[in-house]
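Here is the structure we will look at.
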Amino acid sequence: MDVGADEFEQNLPLLQELVLGADFVGLDIEFTGLRSNLSHPEQISLFDLPSEWYLKTRQSIQQFTICQIGLSVFSSIEGESNKYVAHSYNFFLFPTTFGILDSEFSFQASSVQFLNQYGFDYNKFLKNGIPYMNEEQEKKIKQNILTGNWKVRSSLDKDQIKVVIHEVTRWLDLAEEGDWMTLPGITGFQAFEVQLVLRQALPDIWTVLRDEGVIVKKVSREHRWYLENTSCDRESCWKEKILLSARGFSVFFQMLVKAQKPLVGHNMMMDLLHLHEKFFRPLPESYDQFKLNIHNLFPVLIDTKNVTKDIWKELNFPRVSNLSEVYEVLNSDSNPTKNSGPEIIHASKCEKYVETKYPHEAAYDAFLCGSVLLKVAHLLLWRVHGAGSVPEPCFPLYLDALAPYVNQVNLIRAGVPKINFSGPDHPSTRPPILILSVRRWPGVTEQQVYHKFQNLCKFDVRRLTRSQFLLLTNKFKDARSVLKEYRRHPTLQVSLYRYWRHSPDINCVLRVCGIVTTWALVAFLLGRPSP
Numbered sequence: 037m038d039v040g041a042d043e044f045e046q047n048l049p050l051l052q053e054l055v056l057g058a059d060f061v062g063l064d065i066e067f068t069g070l071r072s073n074l075s076h077p078e079q080i081s082l083f084d085l086p087s088e089w090y091l092k093t094r095q096s097i098q099q100f101t102i103c104q105i106g107l108s109v110f111s112s113i114e115g116e117s118n119k120y121v122a123h124s125y126n127f128f129l130f131p132t133t134f135g136i137l138d139s140e141f142s143f144q145a146s147s148v149q150f151l152n153q154y155g156f157d158y159n160k161f162l163k164n165g166i167p168y169m170n171e172e173q174e175k176k177i178k179q180n181i182l183t184g185n186w187k188v189r190s191s192l193d194k195d196q197i198k199v200v201i202h203e204v205t206r207w208l209d210l211a212e213e214g215d216w217m218t219l220p221g222i223t224g225f226q227a228f229e230v231q232l233v234l235r236q237a238l239p240d241i242w243t244v245l246r247d248e249g250v251i252v253k254k255v256s257r258e259h260r261w262y263l264e265n266t267s268c269d270r271e272s273c274w275k276e277k278i279l280l281s282a283r284g285f286s287v288f289f290q291m292l293v294k295a296q297k298p299l300v301g302h303n304m305m306m307d308l309l310h311l312h313e314k315f316f317r318p319l320p321e322s323y324d325q326f327k328l329n330i331h332n333l334f335p336v337l338i339d340t341k342n343v344t345k346d347i348w349k350e351l352n353f354p355r356v357s358n359l360s361e362v363y364e365v366l367n368s369d370s371n372p373t374k375n376s377g378p379e380i381i382h383a384s385k386c387e388k389y390v391e392t393k394y395p396h397e398a399a400y401d402a403f404l405c406g407s408v409l410l411k412v413a414h415l416l417l418w419r420v421h422g423a424g425s426v427p428e429p430c431f432p433l434y435l436d437a438l439a440p441y442v443n444q445v446n447l448i449r450a451g452v453p454k455i456n457f458s459g460p461d462h463p464s465t466r467p468p469i470l471i472l473s474v475r476r477w478p479g480v481t482e483q484q485v486y487h488k489f490q491n492l493c494k495f496d497v498r499r500l501t502r503s504q505f506l507l508l509t510n511k512f513k514d515a516r517s518v519l520k521e522y523r524r525h526p527t528l529q530v531s532l533y534r535y536w537r538h539s540p541d542i543n544c545v546l547r548v549c550g551i552v553t554t555w556a557l558v559a560f561l562l563g564r565p566s567p
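Count the sequence shown with this note's numbering and you get residues 37 to 567, in order.
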């Protein structure tokens, strides 16, 4: 089900009810861009510690924004054995433009083309996106609204309000007390903004928001005073309504946080970074603080990429490269629990995905995440207990089977393969670092070294000295292949990197110690008295 700004507020109570009664929530997010420097050897690389990876990626998160969030809320059906219903929603988002808030963000051409290829509705994103803000932005706008110290900043809003004021003023000249007019087509929190401006500018009118638009009524100043001080629609309550409407999707985000339901994604690290930045607080400089914040917001995270990557080889499943392929394999005869696993149905009004695939639509991918989680959890349970003795499946039992993977989120291109959000990160399981010694190739660059090995295998390259480079891959077979091929190469000699042997700092210290020792020995010999 697609949800824009026009439909969001009326669906909010239902969404809250669904989340509170859910077993878990599947999540997927689409962005206006990812990282333009993803493949640049001097930027994100396998050499990066998690803290280094975080600081580099943090800049991209601040540069791009969310255009669509998909949530698929999974609930077990009472009285039905191992049967789940999924409510799937696409939320189109657009940053709040109100008062002092006027966000800047970038589009990455490749991301736009990618989403366009899969039918993304940019009109709904740009014209009917649900507003949102983080806690820091909310504090600023709340202070400005409640103190009355705010101005219309958007040129579009200014033009719209000028037209509205002109139209109401012309009508007011001819209207009698008690007459009213309708301003159609003004919706969302901008309707509150228009009313606030009109009430401040014109002392002999009163406004009310109705389904058909903003109703403007001509009243006496005495009646206006009475309405301001006795109406449930008085200005103080009304400003709270403006703030609530301007917060938009952030209201639902807080509901999701309070519900404390397991959050499930696939390669969800970027999703978590954006959730923190856009709805909670600006990303901190401290990597450890970021981990702590996310763990407090969502105590149970499950990344299906991390789970499937770990068990795929062990179960001898066909090789896959994305979430859709993982889902297809788990629904195929390759899965020994295909016919005994959980049954998943789509809720009414959320049946878009029953017959048709919508890859890279956020709600569809969120549904795939949740489905993969249930099927993999059942597979893990089957592996532990065997085909004949599997206990009656239920979600708490599935969660126990998934315990080793909880809060372990996959990390793409870094020194470790995953981040642990509930404790210290695990040590690296990457192949060992190799060192390349170059001869008879003056002025060689990292990029040239990268291209030299590209046809054989892909390495991240980092310069160590003028003629030495570090090489790192995430595949052991690639490291073995290059070692075998280039161990005795005449100009490009590759060997295992040993810190105490190859580090320039250690070599420098050893040289200094050698020089000092030599001079001390010479001084000692020269200073000895003659026999």
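Cβ coordinates follow ideal geometry from the N, Cα and C atoms, glycine included.
Keep in mind it's a predicted model, so treat the numbers as computed, not measured.
For residue i, the three-state DSSP class (helix, strand or coil)
| i | result |
| --- | --- |
| D209 | helix |
| K314 | helix |
| I448 | coil |
| I113 | coil |
| G69 | coil |
| Q144 | coil |
| D84 | coil |
| N47 | helix |
| E379 | strand |
| V518 | helix |
| M217 | strand |
| V300 | strand |
| T340 | helix |
| F505 | strand |
| Y120 | strand |
| R62 | Before going on, a small fix: residue 62 reads as Gly here, not Arg. It is a strand residue. |
| S75 | Summary for S75: the model assigns pLDDT 41, below 50, so the residue's position carries little reliability; its value from the coordinates is reported in the next sentence. Correct three-state label for S75: coil. |
| G6 | The question about residue 6 has no answer, for the chain in this structure spans 37 to 567. |
| R94 | helix |
Closest by C-alpha distance to residue i, when choosing among the options
| i | options | result |
| --- | --- | --- |
| Q46 | H525, A211 and V287 | V287 |
| A295 | L48, E43, I551 and G57 | G57 |
| S531 | V485, L470, W216 and R475 | L470 |
| N164 | N126, Q179, P432 and P335 | N126 |
| F431 | P167, G479 and K119 | K119 |
| S572 | Q52, I102 and S117 | The requested residue 572 is not part of the displayed model; the chain covers only 37 to 567. |
| A398 | F353, F67 and L50 | F67 |
| I455 | M217, P49, V293 and N342 | N342 |
| V61 | Q99, L409 and H462 | L409 |
| K297 | L337, M304 and L328 | L337 |
| I177 | A237, K494 and K275 | K275 |
| K253 | S357, K92 and L219 | L219 |
| D401 | E174, L54 and N303 | N303 |
| H462 | V445, S108 and H421 | V445 |
| D64 | E88, L85, L107 and M37 | L107 |
| M291 | L333, A211, V497 and F141 | L333 |
Residues near residue i in its chain [Cβ-Cβ closer than 7 angstroms; skip 5 each side]
| i | result |
| --- | --- |
| A227 | L245 and V250 |
| R499 | E482 and F505 |
| R516 | none |
| R449 | I80, S81 and L82 |
| E172 | R317 and P318 |
Alpha-carbon spacing of residue i relative to residue j, whole angstroms
| i | j | result |
| --- | --- | --- |
| R206 | Q231 | 17 angstroms |
| D209 | T183 | 31 angstroms |
| G301 | I136 | 34 angstroms |
| V558 | C549 | 14 angstroms |
| P440 | P460 | 14 angstroms |
| V452 | L404 | 26 angstroms |
| V39 | G69 | 22 angstroms |
| S281 | Q98 | 24 angstroms |
| E364 | E391 | 14 angstroms |
| V442 | S503 | 44 angstroms |
| D339 | L528 | 40 angstroms |
| L351 | E428 | 23 angstroms |
| A237 | D138 | 24 angstroms |
| V199 | S96 | 39 angstroms |
Any non-hydrogen atom of the ligand ADP within 7 angstroms of residue i CB
| i | result |
| --- | --- |
| L263 | Of ligands this structure carries none, so the ligand ADP is not represented either. |
For residue i, the residue or residues it bridges with in DSSP
| i | result |
| --- | --- |
| G249 | R246 |
| G165 | The partner list for G165 (beta bridge, DSSP) is empty, contrary to what the question assumes. |
| A125 | Per the sequence shown, residue 125 should be read as Tyr rather than Ala. DSSP lists L107 as partners of Y125. |
| K254 | I241 |
| T133 | D138 |
| V552 | Paired residues: none, contrary to the question. |
Close Cβ partners of residue i (< 6 angstroms) along its chain, the five nearest in sequence each way excluded
| i | result |
| --- | --- |
| D324 | none |
Neighbourhood of residue i by C-beta, 8 angstroms cutoff - its chain only, sequence neighbours within 5 removed
| i | result |
| --- | --- |
| S256 | E213 and D240 |
| I166 | V39, G40, A41, F44, F127, F128, L129, F130, G284 and F285 |
| Y154 | Y394, P395, H396 and E397 |
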